[in-house]
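Scroll down for the structure; my scribbles are underneath it.
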Amino acid sequence: MSDQDKSTPSHFIRQIIDHDLQAGKNEGRVHTRFPPEPNGYLHIGHAKSIVLNFGLAQDYQGKCNLRFDDTNPHKENVEFVESIQQDVRWLGYDWEDRLFYASDYFQQLYDFAVELITAGKAYVCDLDAEQMREYRGTLKEPGRESPFRSRSVEENLDLFARMKAGEFADGERVLRAKIDIASPNMNLRDPTLYRIRHGVIHHQTGEAWCIYPMYDFTHPISDALEGITHSLCTLEFEDHRPLYDWVLDNITIPYHPQQIEFSRLNLEYTVMSKRKLTQLVEEGFVEGWDDPRMPTVAGLRRRGFTSGSIREFCHRIGITKSDNLVEMGVLESCIREDLDTHAPRRMGVLHPLKLVIENYPEDGEEWLSASNHPKNESMGQREIPFSREIYIDQADFREEANKKYKRLVSGGEVRLRNAYVIKCEEVLKNNQGDIVELRCSYDPETLGKNPEGRKVRGVIHWVSARHGVKAEVRLYDRLFSQPNPDKVTEGGHFTDNLNPDSLRTLTDCYLESSLGDASVGERYQFEREGYFTMDSREASGEKPVFNRIVTLRDSWAKLEKQGV
RNA sequence: UGGGGCGUCGCCAAGCGGUAAGGCACAGGGUUUUGAUCCCUGCAUGCGGAGGUUCGAAUCCUCCCGCCCCAGCCA
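Letter by letter, the first sequence follows residues 1 to 564 of the working numbering.
Have a look at this one:
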C-alpha cells in the first residue's frame, strides 16, 4: 500500500516532530493515536486524521494506536466500534496489538482522581447543572466559587467513594477540578471531571461503573498511559490544552504528551458533523450510514472509491490550522486519477435507443476484440458480440446539429467504438413524435481501419441488443445543492438544502455481455460515461445494479452549457 | 482590550528576512477509434489593510479590519 502512495508533503506538525527528534525528545520515539468516540460511522474528516496519525507513525518508524474514547456510554454502541475498525483497516492501516479503550483505564482514572482530591485539587460539588452554569459566569464575566469548593479532603474522599458506590442519583453530584473559577479560559473554571450515570450498560464495562470520567480528564491520562508522544486533535480543542497540561502536571504520571491542533476538513456540498450525519440516517434522508451519497468511509467505499484515492485526497488537502472548505473537484480528481490507470474499459448504454443495421445479416453475429485499456496492453483484450440490432445512447443521436456535434445525425456517419462506421439512413418515430428507432447501414471495410476518402470524427459506444445484459444503474450527484449546507435562511434547516436529484435510478440500461459476471469490488470505466462498480448491497438480486462512482471529465457538456 | 486561533491565486497549500513552489479548477493548443487520458502553454509586480524597521519584508515591529472556536454533568 504505502509504496504506491506518493510521498507526503511536509506540514507544521512534521516540523514540530523533526525538531523534537533533533532535540532528542521522547527518546527518539514517535507514537500517535487515533481516538474516535464510537458514536457513529467514520467520515472523510476522520480519514484525514487517520491518514495523518497512522501516516506519521509509518514515516517515522513509530507507532499509532487505535483507541476508542468511550467515556459517554449513552451514545455509543458495538456496531460503531466494529464499523470503525473495519473502516480504519480498509483505509490501509494496522494498529497491530494496540487496540485500546479509554474504558480500559477506568480504575486508573479513578485512582488519579483520588490523588487529585487528596492533594486538595479536586472536590465534589452538589450544584445541579443549571446552578453550575450560573456560577461559571459568562464569556466576559468571571465565575463565582461553588459553595462546595472548600470541602475538606476527607469529606471529598468520602463523597467521591459514595458516588462510585452508587449512593447518589444522576446529576446529584459531580467531581470538579479546583483550578481557577475566574479564568478567562472557560475550560479552567473548575471543570467537571466525573459525572454519575445510572442505568446505562456500557458496551465494554457493562454495569461495573456508575460514574464516568469526562473527556478532558480521560484524554491526557489515556495518552500518557500509552506513551503517546504527539497527541493530534482538531482546532476546537485548542482552548482545552491548558487543562490537558494541568491534569498531567497535577498527578503522578511519567509521560506528558504534547497536544497539537490542526483544522478539521470541510467539503463542499456535504456535511461533516456527526450530529447531522446521524440525523440524515435516522430521519431517512439517506439509506443508511453507507449510502453512496454519504461522506462516510462506508458510503465512499460502497460508492466505489478506492482507499488509495482517499489517502491521496488527504495528502492533497494538507494539514494546517486555517479554516477550509475544500471543493469536491479535488476528491473527484483523486478517484479519476486512480481509476483512469486501473479500471478496465467496458461499454454500457444508459439511455438506450434501438438501432438496426439494415445491411447486416439478420442472424449475423461476430465477436470483436477490444482493449481493456487504451494504454496498458498488459490489461489484455476482451471479445464483444456485434449483431444487427444494437443500442446506442439517446444523447448520441440528433436529427440535426451544428458541426460542433460530432456524434450521429440523420444522414451522417459515426464510428461505433471498437467496431464499424455506420450511417444513419432513417429515423423512426412514434405518434408523439419521439424517436424510437434508427435504421442504419454499416461499412464492412471500416473494422480496425479508417474509411477511405472521408473523415468520420465521432465515436460512440453501443451494446448488442441480443447479447446485452440488462442492468440498473444509479447515478449520484452531490447530497446538497449548496456548497455550504449549513448556510440557511432565517429559521431554516440544513436539510432544506438537500439536493432532490442526488440519486437518479436508471432501470433499463444495457451493458456489454462481459459485465454479466462482474463481481463486487471491481471497478470499470464505461467508456464516455464514467466509472462504475457493482453495488455491494444489491449484489444478490436477479438484475445487476451498478453505482456510478464519478463521471469522466466532460468538456463537451461545458461547451453545451455555454450554448455552442 | 474576556480568552484562544486563523487570514498567500476561484479552492487547497508551500514559504520561516534575499526578491511568490505545487495540486485542483480555469483558458488556449497538440495527439487520440473514449468530446476521456496524455502532452505543451498561460494563470498572484502580489501575500487582509495602513504605517514602520532594513540595502532588501509574505516573512520582523505597530495599529487597524475580517473570519472561526469557547459559557455540556458531549467528544
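The beta-carbon is built from N, C-alpha and C at its ideal position, and this holds for glycine as well.
Could you tell me whether the Cβ atoms of VAL567 and PHE148 are closer together than 8 Å? Residue 567 lies beyond the range of the chain shown here (1 to 564); nothing can be said about it.
Residue range of the alpha helix (DSSP H) that includes GLN107: Per DSSP, GLN107 belongs to the alpha helix (DSSP H) from 106-118.
Cα-Cα separation, GLY458 to ARG264: Going by the C-alpha atoms only, they are around 46 Å apart.
Determine the burial state of TRP367: buried for a count of at least 16 other Cβ atoms within 10 Å of its Cβ, exposed for fewer. The residue is exposed, with fewer than 16 neighbouring Cβ atoms inside 10 Å.
The alpha helix (DSSP H) with TRP90 in it runs from where to where? Element bounds for TRP90: 78-90.
Looking at the unbroken alpha helix (DSSP H) that takes in LEU159, where does it start and where does it end? Counting along the chain, the unbroken alpha helix (DSSP H) around LEU159 starts and ends at 153-165.
Relative to the C-alpha of GLU389, which candidate in ALA465, GLU261, ASP501 and GLU538 has its C-alpha closest? Of the residues ALA465, GLU261, ASP501 and GLU538, the one whose Cα lies closest to the Cα of GLU389 is ALA465.
Three-state secondary structure assigned by DSSP to ARG67: The answer is strand: DSSP assigns ARG67 an E or B state.
Closest to TYR244 by CA distance: which of VAL200, ASN187 and GLN204 is it? The shortest Cα separation from TYR244 among VAL200, ASN187 and GLN204 belongs to ASN187.
Can you name the start and end residues of the alpha helix (DSSP H) that GLN15 belongs to? In this chain, the alpha helix (DSSP H) harbouring GLN15 covers 12-22.
By a C-beta neighbour count over all protein chains shown, 10 Å radius and 16 as the cutoff for buried, is HIS493 buried or exposed? So HIS493 counts as exposed.
I need the boundaries of the beta strand (DSSP E) containing VAL427, first residue and last residue. 421-429 is the extent of the beta strand (DSSP E) around VAL427.
Checking 8 Å against the spacing of the C-beta atoms, do PHE106 and TRP246 come in under that value? No.
Can you list, in chain order, the residues of its chain whose CB lies under 8 Å from that of ARG573, leaving out five sequence neighbours each side? Because the chain is modelled from 1 through 564, residue 573 falls outside the range shown and cannot be assessed.
Identity of the residues DSSP links to HIS31 by a beta bridge: HIS31 pairs with LYS63.
Any idea what DSSP makes of MET1, helix, strand or coil? In this prediction, MET1 has a pLDDT of 47, which is less than 50 and means its spatial position is unreliable; what the coordinates show is noted afterwards. Correct three-state label for MET1: coil.
Since I believe ASN65 is in contact with THR229 (beta carbons under 8 Å), could you give me their beta-carbon distance rounded to a whole number of angstroms? Going by Cβ atoms, the distance from THR229 to ASN65 rounds to 11 Å, so no, they are not a contact pair.
Just reading off the alpha helix (DSSP H) that GLU570 is part of, what are its end residues? It is not possible to answer for residue 570, since the shown part of the chain is limited to 1 through 564.
Closest to HIS198 by C-alpha separation, out of PRO73, LEU428 and ASP158, would be which residue? Residue nearest to HIS198 within the set PRO73, LEU428 and ASP158 is PRO73 (criterion: CA-CA distance).
Along the beta strand (DSSP E) that carries TRP462, what are the first and last residues, could you check? For TRP462, the enclosing beta strand (DSSP E) stretches over residues 462-464.
I need the DSSP call for GLU325, collapsed to helix, strand or coil. Strictly speaking, residue 325 in this sequence is Leu, with Glu absent from that position. Of the three classes helix, strand and coil, the one that applies to LEU325 here is coil, per DSSP.
Which stretch, first to last residue, makes up the alpha helix (DSSP H) that contains ASP249? Counting along the chain, ASP249 sits inside the alpha helix (DSSP H) bounded by residues 241-249.
According to DSSP, is LEU368 part of a helix, a strand, or is it coil? It is a strand residue.
Report the residue from PRO220, GLU560 and HIS467 whose alpha carbon sits nearest the alpha carbon of SER514. It is HIS467.
Beta carbon of VAL349, beta carbon of CYS509: below 8 Å? Yes, the pair counts as a contact, with Cβ atoms nearer than the cut-off.
Determine contact between the stretch 319-328 and the stretch 535-555, defined as no fewer than three beta-carbon pairs at a distance below 8 Å. A contact between stretches requires three or more CB pairs, one per stretch, nearer than 8 Å, and the stretch 319-328 fails this requirement with the stretch 535-555.
How should GLN4 be labelled, buried or exposed, when 16 other C-beta atoms within 10 angstroms of its C-beta is the threshold for buried? Since pLDDT at GLN4 reaches only 49, below the 50 mark, its modelled position is unreliable, and the value read off the structure follows with that caveat. When all chains shown are included, GLN4 counts as exposed.
Check whether the Cβ atoms of ARG478 and GLU358 sit closer than 8 Å, and answer yes or no. Result no, Cβ atoms of ARG478 and GLU358 do not sit closer than 8 Å.
Just to confirm the assignment, what range does the alpha helix (DSSP H) spanning LYS276 have? In the DSSP annotation of this structure, the continuous segment of the alpha helix (DSSP H) that includes LYS276 starts and ends at 274-282.
On the premise that LEU193 lies in contact with ARG176, defined as a C-beta separation below 8 Å, what is that separation, rounded to the nearest angstrom? Rounded, the Cβ-Cβ distance is 6 Å, consistent with contact.
With DSSP as the reference, label CYS314 as helix, strand or coil. Here CYS314 sits in helix by DSSP.
Quick check on ASN185: does DSSP put it in helix, strand or coil? In the structure shown, ASN185 sits in coil (DSSP, three-state: anything other than H, G, I, E or B).
Should ASP223 be labelled buried (16 or more other beta-carbon atoms within 10 Å of its own) or exposed? The residue in question, ASP223, is buried, as its Cβ has 16 or more Cβ neighbours within 10 Å.
Going by the CB atoms, is the gap between GLU76 and VAL203 shorter than 8 Å? The displayed chain sequence assigns His, not Val, to residue 203. In this structure, HIS203 sits near GLU76, with a CB-CB distance shorter than 8 Å.
For LYS470, does the three-state DSSP call read helix, strand or coil? Residue state, collapsed to three classes: strand.
Tell me whether SER152 is buried or exposed, calling it buried when 16 or more other Cβ atoms sit within 10 Å of its Cβ. Its Cβ having fewer than 16 others within 10 Å, SER152 is exposed.
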